[in-house]
Amino acid sequence: MKKLISSNPAKDYEFVGEVAISTDEEIIEKVTAANKAKSVWKETNIKERIEFLKPIFEEFKARADEISLLTTKETGIALSESQANTSGHLVKIKWFLDNVELALADEITSEDDKSIHKIIYEPIGTAAVITPWNHPFGMFVWGVIPNLLAGNTVVFKISEECPLVGKLIEEIMSNHNLPTGIFSEIYGAGDVGWQLVNEKIDLIWFTGSTKTGQQLYKLAGEKFIKAILELGGSNPCIVFEDADIEKIISKIYIKRFKLCGQTCDALKRLIIHRSVFNEVVEKLKNEIESKKTGDPENLETNIGSLAAQRQLTLLEGQVRDAVDKGAKIITGGAPLNNINGAYYLPTLLTNISKDMRIWHEEVFGPVLPVISFETEEEAISLANDTIYGLGAIIFTNDAARAMRVASKIASGTVEINNTTHWLSCNPFGGYKKSGMGREHGIAGFRELCQLKVVSMDKFR
Ligand code: ADP
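Numbering (my numbering) for the sequence shown: 2 to 461.
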């Protein structure tokens, strides 16, 4: 039996545990069971599905600390952040439970004395849900819970970097008598995920890299099934000259350096008006240097390690390329030396040119390139100078300008000043190579359904 080893990237890659890699036979067996169960699950009504999931929600709440600590051990994410994330994801489950009935209620589109027309939201069938490592529990919540509530059965594959969080989720899910085949998990790397999507499934729900997302989209095209894809991002943040500088520094810091810079929706390119450039860079440098990078299990730590050695190697290569092409290191710019693991110092870089990898590739780590602009048009052009289109941030005190610029940026979300788009009711997803379809909110539930129109005579 082949094993998947889970190691701790923050403790010199020490052994955390192991799980058996799913065999081809097991994958086929689980997809077959999911297909058998889909008519049973479809026949349950939404209220019944909510009742099935409520005790699971309670157990996730009761075991939140366990989930957070295991996440930190497998990914190197600072424990304080893991805890905050787990709480946030529990809020999401609550929202899904509270809002699914509203989202998927029949909708009357037309009615007169003779006939009535309605839209009915029906499940699609068996969903393959495949997730990355940066929010092991969160990605499960976003992908699996709404699918189950919408009436789809799920075969779930968590990232190979965090299989033990996957095992814990599987244990909790199996404690509550869900009907057989409704939910199952498989374990392994990309090859296991690839086999899953090549089996008889009806829907792909994927979060991960654009490269894998494009492969899955191509396959979905051949199979002619739907794929909901949440992929990479390189979010720009524009700071106009009238922004309230004191108020924006902590948000810029959080949006770039949270989870050691490893989120798709992170701020990855900072675009500052020339007149306030030096002031913002200086204040951001001070903010960064006031933070503590180190052992993620210490609750005082702000920034833990990267999730894997391969991420460290990738990041080092991106920074080296920038420095070779003339970038100036304002702070950081190197791995952390006094501790073994995938650590990299939070880094600020100026003198950025567009040929640098750091500008045109997604940077999944604590490194922020900063560039200046003169005119609004230039700022918009820099912001849109990316293959991605997940999110954007604008700092200005001019409301008309904020809306004008927001309308010209090609991205799925735009935050103006100190707001956050991260409310459960807001759909999330990207333009361009950041994805396809939306998750969360009413729109997110409807993505998971077939939409059927029924028109009928009024029976008397
Ligand atoms: P990342 O390296 O950022 O995690 P990936 O896209 O490589 O991004 O991986 C995200 C998830 O997709 C993981 O669970 C991974 O195992 C899975 N995966 C990677 N390649 C494939 C593939 N070809 N088919 C299906 N799943 C894949």
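The C-beta atom is built at its ideal place from N, Cα and C for all residues, glycine as well.
The segment 437-447 touching the segment 265-282, judged by at least three CB pairs closer than 8 Å: no
beta-carbon A380 near the ligand ADP non-hydrogen atom, thresh 7 Å: no
Three-state secondary structure assigned by DSSP to C265: coil
Beta-carbon proximity of L54 to I146, cut-off 8 Å: yes
contact_flag[the segment 240-260, the segment 206-226] where n(CB pairs < 8 Å) is 3 or more: no
Three-state class that DSSP yields for E301 in the structure shown: coil
C-beta atoms of V324 and I330 nearer than 8 Å: yes
Among F184, G413 and P297, nearest to G1 - alpha-carbon criterion: Since the first residue shown for the chain is 2 and the last is 461, residue 1 is missing from the structure and cannot be characterised.
3 or more residues per run - each beta strand (DSSP E) lying fully within the segment 271-336: Listed in chain order, the beta strand (DSSP E) elements of length 3 or more contained wholly in the segment 271-336 are 329-332.
Any non-hydrogen atom of the ligand ADP within 7 Å of L158 CB: First, the amino acid is wrong: residue 158 is Lys here, not Leu. Within the cutoff, so yes.
Residue from G392, I443 and F446 with nearest C-alpha to H422: Of the candidates G392, I443 and F446, the one whose C-alpha sits nearest the C-alpha of H422 is G392.
Residues near V455 in its chain [Cβ-Cβ closer than 7 Å; skip 5 each side]: K119 and I121
Where I202 sits in the DSSP three-state scheme: coil
Burial state of K3, where buried means 16 or more other Cβ atoms lie within 10 Å: exposed
Under 8 Å between C-beta atoms of S306 and A11: Yes, the pair counts as a contact, with Cβ atoms nearer than the cut-off.
C-beta atoms of F446 and V101 nearer than 8 Å: yes
Straight-line Cα distance separating K39 from G182: 8 Å
Nearest-angstrom beta carbon gap, I372 and L383 [assumed within contact, 8 Å]: Their Cβ separation, rounded to whole angstroms, is 6 Å, which keeps L383 and I372 in contact under 8 Å.
Straight-line Cα distance separating I47 from E171: Near 22 Å, if we compare the C-alpha coordinates of I47 and E171.
First through last residue of the alpha helix (DSSP H) which encompasses D99: L80 to A104
Cβ separation of H274 and V240, assumed to be a contact under 8 Å, to the nearest whole Å: 6 Å
P133 CB to nearest heavy atom of the ligand ADP below 7 Å: yes
Three-way DSSP call (helix, strand, coil) for A128 in this model: Reduced to three states, the DSSP call for A128 is strand.
Opening and closing residue of the alpha helix (DSSP H) in which L5 lies: L5 -> not in any alpha helix (DSSP H); beta strand (DSSP E) instead, spanning K4 to N9.
Closest Cα partner of K409 within the set D399, E448, T264 and N385: N385
Contact between the segment 330-345 and the segment 292-304 (3+ Cβ pairs under 8 Å): yes
Identified DSSP bridge partners for D386: None, per the DSSP bridge assignment.
The ligand ADP heavy atom lying under 7 Å from the CB of Q319: no
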